[in-house]
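In what follows, a structure is listed as structure tokens, so that the remarks can point back to it.
Below, the structure is given as structure tokens:
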């Protein structure tokens with residue numbers, strides 16, 4: 024195996040380094056599966072799309088991989104050379120790639136090699152031990168709304184129309200339960216469950232993981248109002264939130280799309296004059312997490328509530344130190 028010290032490797036020379044593989048070891052290896060098999064194991068479509076780009080459009084051209092079996096010649100030095108290339112590369116706007124982006128690309132490559140190790144297609148994961156760029160702050164780029172903005176969004180939909188009732192329920196579930204929009208779209212009537220005498224939402228999260236979240240009273244009232252108006256409460260296996268019109272297929276019995284959830288938020292934020300380029304549904308998730316932490320929730324419980332595998336990801340949703348309304352500016356009195 025390659026024992027070269029990382030600091031001694033020059034990027035231009037790294038691509039010529041090959042791992043040592045005996046003839047016996049080579050014959051013991053299974054065929055390298057097509058990349059489609061690995062991608063099929065990634066449940067989240069956004070993650071699958073990002074990882075596909077990172078590997079097929081970035082790493083493979085950089086290392087000259089043309090066939091699946093070429094992954095066997097990849098050594099740790101290739102990965103280090105790629106990481107250095109990424110650190111020096113600039114995007115279309117002349118900006119260097121962020122540490123978080125480079126970490127994601129390395130994570131994608133590591134995930135692929137773990138899969139190849141599991142299928143006995145390669146002997147080891149060359150990404151192991153390669154340093155990841157440091158992230159200077161746990162805080163991500165997704166903003167959180169102030170309390171007054173959250174209340175304005177919740178109160179924006181009309182109370183007398185079916186669309187208004189549905190949209191109130193949608194926004195309430197997002198702001199009181201911090202769901203991903205895909206999780207909201209996957210909710211069925213049967214996911215409204217009683218557990219120990221308390222109404223819960225059964226959430227189908229990333230990686231097919233199930234979690235249960237107590238239903239907030241405000242959301243319970245909004246959902247009841249919506250279901251009374253729409254009339255499919257007894258269809259237990261049907262989508263909880265449905266489209267009101269469908270210009271593509273005309274089908275109205277299926278679930279809303281994640282893009283429809285995005286459009287709902289954009290409609291009401293414009294209606295109340297809320298500006299900001301990153302104010303999508305994920306901002307409501309960050310808002311809920313921040314509000315829960317501000318009001319005494321334990322961060323480990325918030326981690327489970329959000330469905331995060333790593334608590335570092337949860338810290339990225341904590342905006343308690345970046346809320347402008349808490350600035351010392353507003354504490355000054357003359």
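In the working numbering, the protein residues as written are 24 to 357. Positions of the beta carbon are idealized from the N, C-alpha and C atoms, including for glycine.
Whole angstroms is fine: what's the gap from residue 338's alpha carbon to residue 312's? 9 Å
Contact the region 222-229 vs the region 199-208: 3+ CB pairs below 8 Å: yes
Quick one, are the C-beta atoms of residue 167 and residue 306 less than 8 Å apart? yes
Given a cut-off of 8 Å, decide if residue 149 and residue 196 are closer than it, judged by their beta-carbon atoms. no
Could you check if residue 179 is buried or exposed, using at least 16 other CB atoms within 10 Å of its CB as the buried criterion? buried
Here's the rule: buried if 16 or more other CB atoms are within 10 angstroms of the residue's CB, otherwise exposed. What is residue 219? exposed
Along the chain, which unbroken stretches of the alpha helix (DSSP H) at least 4 residues long are found entirely within the region 248-336? 281-294, 304-317, 322-329
Cβ pair residue 125, residue 110 closer than 8 Å: yes
Report the three-state DSSP secondary structure of residue 180 (helix, strand or coil). coil
Would you report the Cα separation of residue 104 and residue 174, rounded to the nearest angstrom? 50 Å
So what's residue 78 in DSSP terms, helix, strand or just coil? helix
Roughly how many whole angstroms lie between the Cα atoms of residue 72 and residue 81? 13 Å
The beta strand (DSSP E) that contains residue 196, what's its start and end? Run containing residue 196: none in the beta strand (DSSP E); it sits in the alpha helix (DSSP H), 185-200.
Taking the alpha carbon of residue 74 as the reference point, which residue from 134, 100, 298 has its own alpha carbon closest? 134
Is residue 227 helix, strand or coil when you go by DSSP? strand
Taking the alpha-carbon positions, what's the residue 289 to residue 191 distance? 14 Å
Residue 170, DSSP secondary structure in three states: helix
Reference residue 250; option with closest CA among 265, 146, 335: 265
Output the distance between the C-alpha atoms of residue 40 and residue 94, rounded to the nearest integer angstrom. Residue placement at residue 40 is poorly supported in this model, since its pLDDT is 43, which falls under 50; the coordinates are not used for a value here.
Give the DSSP-derived three-state secondary structure of residue 128 in the structure shown. helix
Apart from the five residues on each side of it in sequence, which residues of its chain come closer than 6 Å, Cβ to Cβ, to residue 188? 248, 249, 252
Identify, in the order they occur along the chain, each residue of the same chain with its Cβ nearer than 6 Å to the Cβ of residue 279, setting aside the five sequence neighbours on each side. 208, 264, 266
Per DSSP, the bridge partner or partners of residue 235: 225
How would you call residue 160, buried or exposed, if buried means at least 16 neighbouring beta carbons within 10 angstroms? With a pLDDT of 48 at residue 160, under the threshold of 50, the modelled position of that residue is not reliable, and the figure given next carries that caveat. Exposed is the call here.
Going by CA-CA distance only, name the one from 89, 107, 355 that's closest to residue 129. 107
Within the same chain, show all residues whose beta-carbon is closer than 7 Å to that of residue 217, passing over the 5 residues directly before and after it, in chain order. none
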